[in-house]
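Chains as they are written, first to last, in my numbering: chain Y, 130 to 300; chain R, 1334 to 1510; chain D, 29 to 483; chain U, 83 to 322.
The following block contains the structure:
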């Protein structure tokens, strides 16, 4: 379950996060919803900021290189047509096709990896807070039980939340 | 731990490659179009039975399709050839009377073509016959068909398959010019 | 860099201003869209006529077998380099003034490359046999010829269309969420799907930043390769005047040149059309003007180097082509040099010119006329004046080619008009981010703006 | 067929054209047009330069008036061994046969016209419109080769239908092709006998012997396209 408190500005939201931590809420359960990216630590500290995006790009690139090579050189081999005593697989053109496919798949891999890492697309089980895109700041807390949800709701309201939204079924 | 990750990474990469190549290599089967959508066994103006003539009576293909060995086209027999036998044989049957009418009126029989290659594909019957590729290899067992049916795909891949198998020329200008 | 008042506008008001283009269409918008649609329709009619009757309705002829279609193709591919290159380079170098121009430039890339991709198809003698280009197993048992530069083209354009569309989409993701939250009903559902449930969590933003940087780094080599390959369509041949080693870098620079000029034109039009003066300021014009100046110098240098080697080497056939160009197409040659070099370089040296809207509009349009002429001069004269003197000829487009060219411009305009109506045309989140990172400190008697380091 | 095999192929077709014999009469042009289903495009298109001759007589003037002489070069596809038109075709419509011919497959052609641009001899012609034959020319269309449609590139094939027939006949008779088996339409009709076609891989063939003449040259040889058409020019008579 998720509780999202909507705050007017960055300062009150920041204080609310401090209050939550003081009330023994795990910091990894807290995240911020903002219309603008703030540098790490302005609102919350993410526990695990490692990203594997470059590996997705690299993996895509390798897969693309193999595909491009397989397509250009492989098909020339499978369906040989002898033209004017030129070699069946000519390296320069194969290199160009390989390059294009490498880049294409690297880009596809990056986008694919991005959505995986973001956990998107996600429509269900998430509290949507339209106020956020209008400049408000949301503080989202994940909680396990209904009791806890009530407690956090109180905490957020006390910290100055103008509104609290709850929802979601997953922890 | 580190090794497992590398293995998973490489497996993923190879899987992606394999899937893409498979999709590319199989697009042709996903969007498969037959070479010809014409009726495989069209009705003919006269119910001529190959089973009866070539099968039961054992008349050789080249008796009627006379130019097959010497020309590009196998040739469809003219009405005179039909009549040369049927003046006497079964002349009183209704089908033969139909045939005779074409003779009397001096019209050719409008046979419906079953095996049609596009105009840009040239198939010399004589080269195939003389190379030992007999009628049935492409036309099927016509001697068992009442009405002739097209059994072969007649698309380019089908031609090429056979040419590769028999190390015949696969030069484009062999068939296209 | 922006010249905005210090009093901070609320985010909501800023959103409304930046999304003003998405409000209910005005009569002017409808008229414009209809007019552009009509021109596109006329072009489609011309193409239909060409499909039915054959390519003879166009002006192409022996020996000039490539005409306006290929010129258009090269021109539009060139334009498409603007967007992605500009936005990717500016992203990578963290240039803060980039923020409001990004979206316009990236969208331009996608639409110009779409228009460009139409031209090889229109240009084909048998357009309906396009699938012969695609490598897939078929009943013919045949594959395309990977040796042909045209096939490299197909692959490169394919990569570029997919890449730049994803680049555009990726940049739009947070903005689509903004639109989603402002819409109701069916529109909300559609934008919800497009926004993929974006909420702006710390994690999403972190990954988003990394992904855009990575994409920017990946898209630049693709853009370079695309126009290099387009140049190889020419350079890999035996045609005197085409067969030149400098063509790849020369084409890339030419592409960036015309692309940046087109971005400038577009920005000037956009800010006028949607009252975005507040976000697209003379400061932006100034910076873009400097970039344009640098690229203009580069282009002029490349052209000079090419002509110099031709002249100095004085290979008879090459020189014959060059003098023929001067004789038969002297006016166009002059137009190109004036548009790309003689006006642009001196004018852009002046800050007042760079900051003046009308002057920049004039220069940027003139540059693109010059660049279109340049493509004409690359494609036509070498073909018209080839090795066998008996077959020397000339080329002039017919109304069919001109109509299709007009339709290409109108089609690009139409796509853009539709885009600005249905998608956020200013990179909202990027602008907000720029605002958020800028704080104001009192320093002695002044208030100065400081930039917080970007992540 | 691998590389070594095609290098040692039994046939390498070539042509020798003796310019000293050529009178520029244009009979070869007409014969080619009739033999190869080449459309006649009519007055208007012809004046636009869209005639579709596979072989054309190029005429150059030599000297200043009144000392002017006309020089003729019958120019057809040179069937280059290193043909520039082949690698640029994205669909292999233009390709090289193992017998040294430069092939053109009409039904594969998509009409990029790239080959025509890259042909230094401008020997290729394009079907700008659907070809039409006025009565009674439509009755003389040859069934031995394709009638091309609009949007397709075409060019001299050295009368491939005659080459095929000659080879087929020879094969059925179980003998190699002889010199006189294959004569392209242009060579057949050339009254002064300026055009000789033959197998360049056979040292006994007439074309091969003529090709060793001191008067030999090939067009645009510096481009390195290795044309299979050899021209003879010297001013004297034929000297083997």
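We treat Cβ as the ideally placed atom computed from N, Cα and C, and that holds for glycine.
Can you find a C-beta in chain Y that's less than 7 Å from the C-beta of residue 121 of chain D? Not flagged as an interface residue toward chain Y: residue 121 of chain D, since no C-beta distance is shorter than 7 Å.
With 7 Å as the threshold, decide whether the Cβ of residue 88 of chain U is near any Cβ in chain R. Unreliable placement is indicated for residue 88 of chain U, whose pLDDT of 46 sits below 50; the coordinate value is still reported in the next sentence. Not closer than 7 Å to any Cβ of chain R, the Cβ of residue 88 of chain U fails to qualify, so no.
Can you tell which of U/237, U/181, U/170 has its C-alpha closest to the C-alpha of residue 176 of chain D? Put simply, of U/237, U/181, U/170 the residue whose alpha carbon is nearest the alpha carbon of residue 176 of chain D is U/170.
Close beta carbons around residue 115 of chain D, own chain, < 6 Å, minus the five adjacent residues each side: Excluding residues within five positions, the ones whose Cβ falls inside 6 Å are 130, 133, 134.
Find out if the Cβ-Cβ distance for the pair residue 238 of chain U, residue 158 of chain U is shorter than 7 Å. It is a contact, given that the beta carbons lie within the stated cut-off.
Beta-carbon of residue 460 of chain D versus every beta-carbon of chain Y: anything under 7 Å? Chain Y contact via Cβ: present.
Taking 8 Å as the threshold, find out whether the segment 299-319 of chain U comes into contact with the segment 120-136 of chain U through three or more Cβ pairs. A contact between stretches requires three or more CB pairs, one per stretch, nearer than 8 Å, and the segment 299-319 of chain U fails this requirement with the segment 120-136 of chain U.
Members of the segment 1375-1409 of chain R that neighbour chain D once the beta carbon cut-off is set at 7 Å: Listed by position along the chain: nothing, the set is empty.
DSSP state of residue 100 of chain U mapped onto helix, strand, coil: Strand.
Tell me which same chain residues have a C-beta within less than 7 Å of the C-beta of residue 10 of chain D, skipping the five on either side of it? Here chain D covers residues 29 to 483 and nothing more, so residue 10 of chain D does not appear.
For residue 246 of chain U, which residues in chain R fall below 9 Å Cβ to Cβ? Going along chain R in sequence order, the residues near residue 246 of chain U (Cβ under 9 Å) are 1455, 1457, 1506, 1507, 1510.
Residues of chain D with a CB under 8 Å from the CB of residue 144 of chain U: which are they? Residues of chain D passing the Cβ test: none, with the nearest at roughly 13 Å.
Going by DSSP in three states, residue 1506 of chain R sits in which element: helix, strand or coil? Annotated three-state conformation of residue 1506 of chain R is helix, per DSSP.
Buried or exposed: residue 378 of chain D, going by 16 or more other Cβ atoms within 10 Å of its Cβ? By the 10 Å Cβ count, residue 378 of chain D comes out exposed.
Enclosing alpha helix (DSSP H) for residue 188 of chain D [first to last residue]: Start and end: 177-210.
Classify residue 299 of chain Y: buried if its beta carbon has 16 or more other beta carbons within 10 angstroms, exposed otherwise. A caution first: residue 299 of chain Y carries a pLDDT of 49, below 50, which makes its placement in the model unreliable, though a value can still be read off. Exposed, because fewer than 16 other Cβ atoms sit within 10 Å of the Cβ of residue 299 of chain Y.
Look at the alpha carbon of residue 44 of chain D and the alpha carbon of residue 237 of chain Y, and state the distance between them as a whole number of angstroms. So the two alpha carbons sit approximately 33 Å from each other.
Pick out whichever of R/1417, R/1461, R/1478, R/1474 has its Cα sitting closest to the Cα of residue 1492 of chain R. Nearest Cα to residue 1492 of chain R within the set R/1417, R/1461, R/1478, R/1474: R/1461.
Which residue marks the beginning of the alpha helix (DSSP H) containing residue 241 of chain Y, and which one marks its end? Unbroken alpha helix (DSSP H) run through residue 241 of chain Y: 220-247.
Contacting residues, own chain, Cβ-Cβ under 6 Å from residue 346 of chain D (five flanking each side not counted): So the qualifying residues of the chain are 268, 338.
From residue 106 of chain U to residue 272 of chain U, what distance separates their C-alpha atoms? If you draw a straight line from the Cα of residue 106 of chain U to the Cα of residue 272 of chain U, it is about 10 Å long.
Determine, using beta carbons only, whether residue 107 of chain D and residue 287 of chain D come nearer to each other than 7 Å. Annotated as proximal: residue 107 of chain D and residue 287 of chain D, with beta-carbon spacing under 7 Å.
For residue 1489 of chain R, would you say it is in contact with chain D, using Cβ-to-Cβ distances shorter than 7 Å as the test? At least one chain D Cβ lies under 7 Å of residue 1489 of chain R.
At what residues does the alpha helix (DSSP H) containing residue 1414 of chain R begin and finish? Its alpha helix (DSSP H) spans residues 1412-1419.
Which residues mark the beginning and the end of the beta strand (DSSP E) in which residue 266 of chain Y is found? First-last of the beta strand (DSSP E) with residue 266 of chain Y: 266-271.
Buried or exposed: which applies to residue 1336 of chain R, given that a residue is buried once 16 or more other Cβ atoms fall within 10 Å of its Cβ? The residue in question, residue 1336 of chain R, is exposed, as its Cβ has fewer than 16 Cβ neighbours within 10 Å.
Cα-Cα separation, residue 401 of chain D to residue 395 of chain D: So the alpha carbons of these two residues sit roughly 10 Å apart.
How about residue 137 of chain U: is its C-beta nearer than 7 Å to some C-beta of chain R? When Cβ-Cβ separations below 7 Å define contact, residue 137 of chain U makes no contact with chain R.
Between residue 250 of chain U and chain R, is the shortest Cβ-Cβ distance under 7 Å, so that the two count as touching? So yes, residue 250 of chain U belongs to the interface.
Applying a beta-carbon distance threshold of less than 7 Å, which residues of chain D neighbour residue 153 of chain U? The premise fails here: residue 153 of chain U is roughly 11 Å from chain D at the closest Cβ pair, so nothing lies under 7 Å.
Alpha carbon to alpha carbon, how far is residue 276 of chain D from residue 258 of chain D? Give it in angstroms, no decimals. Residue 258 of chain D and residue 276 of chain D: Cα-Cα distance of roughly 8 Å.
How many angstroms separate the CA atom of residue 40 of chain D from the CA atom of residue 265 of chain Y? Here the alpha carbons of residue 265 of chain Y and residue 40 of chain D stand approximately 9 Å from one another.
Within this structure, are the beta carbons of residue 131 of chain Y and residue 261 of chain Y separated by less than 7 Å? Cβ atoms of residue 131 of chain Y and residue 261 of chain Y: not closer than 7 Å.
Any 3 or more C-beta pairs closer than 8 Å across the segment 218-236 of chain Y and the segment 1386-1404 of chain R: Proximity of the segment 218-236 of chain Y to the segment 1386-1404 of chain R falls short of the contact definition, fewer than three beta-carbon pairs being nearer than 8 Å.
Tell me, please, whether the CB atom of residue 1420 of chain R is closer than 7 Å to any CB atom in chain U? No, its Cβ sits nowhere closer than 7 Å to a Cβ of chain U.
Going straight from the alpha carbon of residue 1456 of chain R to that of residue 168 of chain D, what length do you get? Answer to the nearest angstrom: the Cα atoms are 16 Å apart.
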